[in-house]
Amino acid sequence: MSETDAEVPEGAGVTTGSLARRLGVSPTTLRSWDRRYGLGPAARTEGRHRRWTQDDVAMVLEMCRLTAAGIPPAEAARAAKALTEGTHALGAVDSLAGAAAEADAPPDRHASRSGSGLPLGSARQDCKGLARAAVRLDALAVQEQLTAAIGRHGLVVTWEEILAPALQAVGRKWQSAGERYVEVEHLLSWHISATLRHVYVCASAGQETSRTVPVILACLPGEQHTLPLEALNAALAQRGTATLMLGGAVPGDALLAAVERVGPGAVVLWSQSARTANLALVQQVAATRWGIRGARTRSRVLLTGPGWGRSVRPGLLRPRGLHEALVMLDTLRSRDFQEG
Numbered sequence: 001m002s003e004t005d006a007e008v009p010e011g012a013g014v015t016t017g018s019l020a021r022r023l024g025v026s027p028t029t030l031r032s033w034d035r036r037y038g039l040g041p042a043a044r045t046e047g048r049h050r051r052w053t054q055d056d057v058a059m060v061l062e063m064c065r066l067t068a069a070g071i072p073p074a075e076a077a078r079a080a081k082a083l084t085e086g087t088h089a090l091g092a093v094d095s096l097a098g099a100a101a102e103a104d105a106p107p108d109r110h111a112s113r114s115g116s117g118l119p120l121g122s123a124r125q126d127c128k129g130l131a132r133a134a135v136r137l138d139a140l141a142v143q144e145q146l147t148a149a150i151g152r153h154g155l156v157v158t159w160e161e162i163l164a165p166a167l168q169a170v171g172r173k174w175q176s177a178g179e180r181y182v183e184v185e186h187l188l189s190w191h192i193s194a195t196l197r198h199v200y201v202c203a204s205a206g207q208e209t210s211r212t213v214p215v216i217l218a219c220l221p222g223e224q225h226t227l228p229l230e231a232l233n234a235a236l237a238q239r240g241t242a243t244l245m246l247g248g249a250v251p252g253d254a255l256l257a258a259v260e261r262v263g264p265g266a267v268v269l270w271s272q273s274a275r276t277a278n279l280a281l282v283q284q285v286a287a288t289r290w291g292i293r294g295a296r297t298r299s300r301v302l303l304t305g306p307g308w309g310r311s312v313r314p315g316l317l318r319p320r321g322l323h324e325a326l327v328m329l330d331t332l333r334s335r336d337f338q339e340g
């Protein structure tokens, strides 16, 4: 029998599932903390269901705060229990928090109060919960929250308001903290990529795309940031648009050859930094003609990513985000259909 808030009498506390969603952790993590460190609810209702009171919640919140700050779980658990049990060991909590703060020096003036230690500012709660789970390296919670967010908000909103801000915050954090947060970025990126590919596979299964002019998606030579293109690839699949995802660091000759062979309606090119924003190659792609003799045509080129700056290049499209890219591609697709 599942635990739901509807089963809880008023004032009896919250369920494990409800608390996990609030804190951005996996229910399995809460049960593990209870089993290993005794950080469980003080009371249980009939049927031995866990019901977390306000004091229980405060204890687990402190555990989350300390582990997110880099305190080892066993030490964080002792401090969290001392805080809520009133054993006058608050000095231990303060010293642990102070040590974590010193380890993060210099302080980040953009840091949020999300409990993740990441500069998230006024990001939505789903984003902060995902960040907390990633900082704790709680892979199960990260995956659960990714799946739940897409199911609740849809892919586009999830990417633009939850995933992209979390990735950007992690990137800024490890750049300012040396190598300390690289593992967090790798964990989060891997799970986001796996989730986006799952969405793509599910959406494209059984679709008749062999006769549809595809959209080519590629990163410029030397560019390895593929996640934004993976999000676009999955979103296009949900719309029934055929794609050819070439991935990261595509050599220039290979990109030009693919355009000539496939004859795409559009080519989406991603550049994360000015270093990889190869405008000369882009102009070659835009000038490449394909099709039968007497009716040769060109692909429309979309420049995506911050590497291109804010300027608009003549003859090239410059969407500012996932939603805008989808609108542009839908418009091009509709125009091609009408002309065809």
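Under full-length UniProt numbering, the sequence shown has 106 at position 106, and the numbering climbs by one with no breaks.
Idealized CB from N, CA, C, for every residue including glycine.
Could you check what DSSP says for residue i in three-state terms: helix, strand or coil?
i      : result
Leu220 : coil
His323 : helix
Thr16  : helix
Leu281 : helix
Arg289 : strand
Val259 : helix
Val157 : helix
Asp104 : With a pLDDT of 39 at Asp104, under the threshold of 50, the modelled position of that residue is not reliable, and the figure given next carries that caveat. In this structure, Asp104 counts as coil in the three-state DSSP scheme.
Thr331 : helix
Val60  : helix
Thr297 : strand
Val170 : helix
Taking residue i as part of the beta strand (DSSP E), name the residues at either end of that continuous run.
i      : result
Ala148 : Where Ala148 is concerned, there is no enclosing beta strand (DSSP E), although the alpha helix (DSSP H) it sits in stretches over Ala139 to His153.
Leu244 : Thr243 to Gly247
Trp270 : Ala266 to Trp270
Thr304 : Arg300 to Thr304
Please work out which residues of its chain come closer than 6 Å, Cβ to Cβ, to residue i, disregarding the five sequence neighbours upstream and downstream, and give them in chain order.
i      : result
Asp34  : Gly40
Leu163 : Ile192
Met328 : Leu317 and Pro319
Can you give me the start and stop residues for the alpha helix (DSSP H) that residue i sits inside?
i      : result
Tyr37  : Pro27 to Tyr37
His186 : Val182 to Ser204
Leu316 : Taken as a continuous stretch (DSSP letters only), Leu316 belongs to no alpha helix (DSSP H), as it is neither H nor E.
Ala42  : Segment: none, Ala42 is in no alpha helix (DSSP H) and carries neither H nor E.
Arg132 : Gln125 to Val135
Ser227 : Just to set this straight, residue 227 is Leu in the shown sequence, not Ser. Its alpha helix (DSSP H) spans residues Leu227 to Gln238.
With a threshold of 8 Å on Cβ separation, who are the neighbours of residue i within its own chain once the five nearest residues in sequence on each side are excluded?
i      : result
Gln145 : Gly24, Asp126, Gly129, Leu130 and Ala133
Ala20  : Ser26, Pro27, Thr29, Leu30 and Ala141
Leu244 : Pro214, Val215, Ile216, Leu217, Ala258, Val262 and Pro264
Arg239 : Leu326 and Asp330
Val285 : Leu255, Leu256, Val259, Val267, Leu269, Ser299 and Val301
Leu316 : Val282, Ala286, Val301, Leu302 and Leu303
Between which residues of its own chain and residue i is the CB-CB distance below 7 Å, once the five residues before and five after are set aside?
i      : result
Leu188 : Ala134, Val142, Ala166, Leu167 and Val170
inquiry  = Taking 8 Å as the cut-off, does the stretch 259-274 touch the stretch 221-241 (at least 3 CB pairs, one atom from each stretch)?
reply    = yes
request  = Taking 8 Å as the threshold, find out whether the stretch 244-260 comes into contact with the stretch 185-199 through three or more Cβ pairs.
outcome  = no
key: Three CB pairs or more closer than 8 Å across the stretch 299-306 and the stretch 251-258   = no
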